[in-house]
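Student: Take the sequence shown: its position 39, counted from the start at 1, is 79 in our numbering, and no numbers get skipped. C-beta atoms are modelled at their ideal positions from N, C-alpha and C, and glycine is treated no differently. I have a structure I would like to understand better, so I am pasting it below and will then ask my questions one at a time.
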Amino acid sequence: EELESFGLQLQLSHMADGYMVNFADCSEKLAVIVDGPAQFLNESHEPRGTSTLRDRQLCAMGWKVVTVPYFEWDPLRLLAGPRRMYLQELLSLACVRTPS
41 EELESFGLQL QLSHMADGYM VNFADCSEKL AVIVDGPAQF LNESHEPRGT
91 STLRDRQLCA MGWKVVTVPY FEWDPLRLLA GPRRMYLQEL LSLACVRTPS
């Protein structure tokens, strides 16, 4: 819902070149991946090698990859304004144009 407010045409649980991603906008070749605790090493904020490889391979295949780590998203869950600003910043870093 929050991502759709940016005008993206999202598909839920999409297979992107062999990787399942949480959300995808195929016209933008945008993959949004929500990384939970299992994607990080031993309760740290260091991503597992499999997550890093996934992101690199998707990028190499032309996808813009946005990862949303659970430990950054969870504190924003009840704060609509900061949540939107956070997502807009992630999309901007991935070079995805969004309306202001």
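(1) Going by beta-carbon coordinates alone, are Ala-134 and Val-106 separated by less than 8 Å?
(2) For the alpha helix (DSSP H) holding Pro-122, just list the boundary residues, first then last.
(3) Going by DSSP, what residues sit across from Tyr-59 in a beta bridge?
(4) Between His-54, Gln-79, Pro-77, Asn-82, which has its C-alpha nearest Asp-69's C-alpha?
(5) Helix or strand or just coil, what does DSSP make of Gln-49?
(6) Glu-44: which of Tyr-59, Ala-64, Ala-56, Gly-58 sits nearest, CA to CA?
(7) With DSSP as the reference, identify every bridge partner of Pro-87, one or two as the case may be.
(8) Using alpha carbons as the reference points, say which of Ser-132, Arg-117, Val-72 lies closest to Leu-50.
(9) From Leu-172 to Leu-127, what does the alpha carbon distance come to, in whole angstroms?
(10) What distance in whole Å lies between the Cβ atoms of Phe-80 and Thr-138, which are believed to be in contact at a cut-off of 8 Å?
Tutor: With the structure as the only source:
(1) yes
(2) 120-133
(3) Ala-56
(4) What sits at residue 69 in the sequence shown is Lys, not Asp. Looking at the Cα atoms, His-54 is the closest of the given residues.
(5) coil
(6) Ala-64
(7) DSSP, once it has assigned bridges, lists Phe-80 as partnering Pro-87.
(8) Val-72
(9) An answer regarding residue 172 cannot be provided, because it is not within the stretch 41 to 140 covered by the chain.
(10) The pair is not a contact, with the Cβ atoms about 27 Å apart (cut-off 8 Å).
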